[in-house]
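Everything below concerns the one structure shown next.
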Amino acid sequence: MAFEEVRRDWTRLGEHDPLWAVYVTPGTRGGRWDVEEFFATGRTEVARSLEHLASLGLGTRRTKALDFGAGVGRLSAALAEHFDHVVGVDVSPTMLDEARRLDRSEGKVEFVLNDAVDLSFVPDAEVDLVYSSLVLQHLPRELAYGYLREFLRVVRPDGAAVIQVVSRPNVSIKGLIARLAPFRLIAWGQTRLLRYPAPMRMTLMPPKAVRRALEGTGAVVVDAVRDDSYGSHWECVRYYLSRG
Ligand SMILES: C[S@@+](CC[C@H](N)C(=O)[O-])C[C@H]1O[C@@H](n2cnc3c(N)ncnc32)[C@H](O)[C@@H]1O
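Below, the structure written as structure tokens:
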């Protein structure tokens, strides 16, 4: 049920305003993202993350990466500059249509529709890197933690996962609403007042809960770095995980 709701909402968002829905930034709603600038944000983010990963002594093998929640391929395209092969996984067929239309990777990126609450289509220890930004925060809690555990299953023993989550709201009106209001009310406000094509949920994943979810997966949190690149309303953390 929750999965179907997520699929329905992101299919609508992908149909109406995919670039804005992927990266909500003032002045970009209604198809007004400059496509070059939009993809440049992905290149900057991925280059920084991979550099940090290397400084931790991780992520040296660059054969296959999995971009979870690929959207229109902003980060998949950037990963393709560093990896031989990238699998961009998304639940939304409309996002994937746009991703394929914008893809300039000459076959390095393969876009795959996710149809499940797990990553069962990916064998154990298959990829060198799982990468995900701006995704888990938009999922219901149980789905978000379930995928997080799956990331560790599909990563190779010498591989890594770089996962961005929102750990808590900062002190602001928006943050307060996210903390206190039920999702149904937020969804109503987003769709009726702000006229979003579909609601965007904000699920907070505090550090303690992340570490608890990772128990038993063999994950080691090698680093957890505060990252404010996606706006001041939320405290975002990028986790650098290995399989120990
Ligand atoms: C805000 S966008 C971010 C896209 C991309 N990660 C980026 O930063 O450019 C979130 C994406 O996650 C996707 N998504 C949501 N639930 C998903 C799921 N269960 N499996 C795969 N993708 C999912 C949405 O369809 C959407 O494209």
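Be aware that the sequence shown starts at 765, since it is given in the working numbering, and climbs by one per residue.
Glycine included, C-beta positions come from ideal geometry on N, C-alpha and C.
message: Comparing C-alpha positions only, which one of R868, P790, S856 sits nearest to E845?
response: R868
- request: Measure the alpha-carbon distance for L903 versus V770 and round it to whole angstroms.
  value: 7 angstroms
field: Buried versus exposed call for V818 [16 or more other C-beta atoms within 10 Å across all chains shown]
entry: The question names Val, yet the displayed sequence has Ala at residue 818. Exposed is the call here.
field: Spatial distance of S896 from A889 (CA atoms)
entry: 17 angstroms
- prompt: Considering only residues of the same chain and omitting the five flanking positions on each side of K828, which have a CB-CB separation below 6 angstroms?
  reply: H849, V891, D892
message: Please state the DSSP three-state secondary structure of A849.
response: Note that residue 849 corresponds to His in the displayed sequence, not to Ala. In this structure, H849 counts as strand in the three-state DSSP scheme.
query: Buried or exposed: L777, going by 16 or more other Cβ atoms within 10 Å of its Cβ?
result: buried
task: Return yes when the C-beta of Y1004 is under 8 angstroms from any heavy atom of ligand 1, and no when it is not.
output: no
- prompt: Do you know how far the Cα of R956 is from the Cα of T808?
  reply: 35 angstroms
message: Could you pull the DSSP bridge partners for Q928 from this structure?
response: R1002
Inter-residue spacing [alpha-carbon to alpha-carbon] between E870 and P946: 44 angstroms
message: Please give me, in chain order, every unbroken run of the beta strand (DSSP E) with length at least 3 that falls completely inside the region 908–976.
response: 919–933
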